[in-house]
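Just so we're aligned: the sequence shown equals residues 850 to 1135 in the numbering used here.
What follows is a short report on a single structure.
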Amino acid sequence: AKTRSDSLPAGSEAARKTMSAMQVAFVPSIQPGLSAAVQQHSLRGQAPAASAPLASNLGSVGSVGTAIVGAACGFAALRQLQSKAVRASLPSRVALCAFENELGVQAPVGFWDPAGFTSDGDQLDFYRRRRIELKHGRVSMLACLGYIVPEFVKFPGYLSPSTGLKFADVPTGLAATTKVPAVGWAQYTIFCGILELFAMHQDPDKPPGKLGTRFFGEENTNYEYGFLGIPGYLGGAPIQDPEIKKTKLNAELANGRLAMMAIIGMFFQDGLTGSAWGDWANYTSS
């Protein structure tokens, strides 16, 4: 039988050589001494049965290659998981680096933020939350005193002369909310609003908790509060020594945190027993 190279014109010697090269490259040549079946398998690209050792070697090579590819894929997946873990822990590391030297980071817990409020490392959010923490702590300290002092001392005279209500008639704790007239609560709300807006204003450019007035007249009529909240016009001045100042500010934060927990405990015990330090035997609903 003629091959394609034989059927080409005589003048196409270059084409004949190209076809011969393609036959050598892509079609196994017919080797003498082999059976027709073996040669047919070779032409079809199949391994003859007589070459079982060669197939076994090829299978071993394929297994090794598969193992190498699998190991590479596993290593890549492991690196991806490690990178995700690093990215996941990055916000907490950023927050720790950003706020670990702030006031209020005290032993034994150190920097403690189990809810993750500072995990994004946002300085403005931290500043706002620190202001709120200081305000709530100060209010809670006053509330604790409001629970304790009336147990021993009460103002003389009338709380509401129009209704004949005396200070001595007002009970201590939650029960006082039912005795004070509505007008008294309105006065209390207006007073707190004046303090918040004008008398005890937090300037965003000042450290959190550093309050001052915001009246008309700029510096001529406004002042800041010094040590123990003493107004500047009465001689109140900030603490100058940085170490003493840091100690005092940390003490304020710690006492405010304790007062917040204490006033909540007083509320619960008062509501369940009738007094902030009442006898739990009076609580019969449990």
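The C-beta atom is built at its ideal place from N, Cα and C for all residues, glycine as well.
Does DSSP put residue i in a helix, a strand or coil?
| i | result |
| --- | --- |
| L1121 | helix |
| Y1132 | coil |
| L1014 | strand |
Do residue j and residue i count as a contact pair if the criterion is CB distance below 9 Å?
| i | j | result |
| --- | --- | --- |
| G1075 | G1066 | no |
| N1099 | Q955 | yes |
| R978 | G1058 | no |
| S989 | A1130 | no |
| L1142 | G1033 | Residue numbering for the chain in the displayed model covers 850 to 1135; residue 1142 lies beyond these limits and cannot be assessed. |
| F948 | G970 | yes |
| L1014 | P1030 | yes |
| I1112 | Y996 | yes |
Note down the Cα distance separating residue i from residue j, rounded to an integer number of angstroms.
| i | j | result |
| --- | --- | --- |
| G1085 | Q972 | 30 Å |
| L994 | V1019 | 16 Å |
| D1052 | R1063 | 9 Å |
| W1126 | A1017 | 20 Å |
| K1094 | L952 | 11 Å |
| L1102 | Y1037 | 26 Å |
| L1202 | L1121 | Here the chain covers residues 850 to 1135 and nothing more, so residue 1202 does not appear. |
| P963 | N1069 | 45 Å |
| P999 | P1005 | 12 Å |
| P957 | N950 | 15 Å |
| Y1072 | P1056 | 15 Å |
| L991 | M1049 | 15 Å |
| T1012 | T1021 | 19 Å |
| M1115 | D1128 | 12 Å |
| G1078 | F960 | 27 Å |
When the cut-off is 9 Å and only beta carbons count, does residue i lie next to chain B?
| i | result |
| --- | --- |
| G1061 | In summary, chain B is missing from the structure at hand, where a single protein chain is found. |
Quiz item: Can you give, in chain order, each stretch of the beta strand (DSSP E) that sits fully within the region 945 to 1033 and has at least 3 residues?
Solution: 1007 to 1009
Exercise. At 3 residues or longer, and completely inside the region 1059 to 1130: list those beta strand (DSSP E) runs for me, N to C.
Key: none
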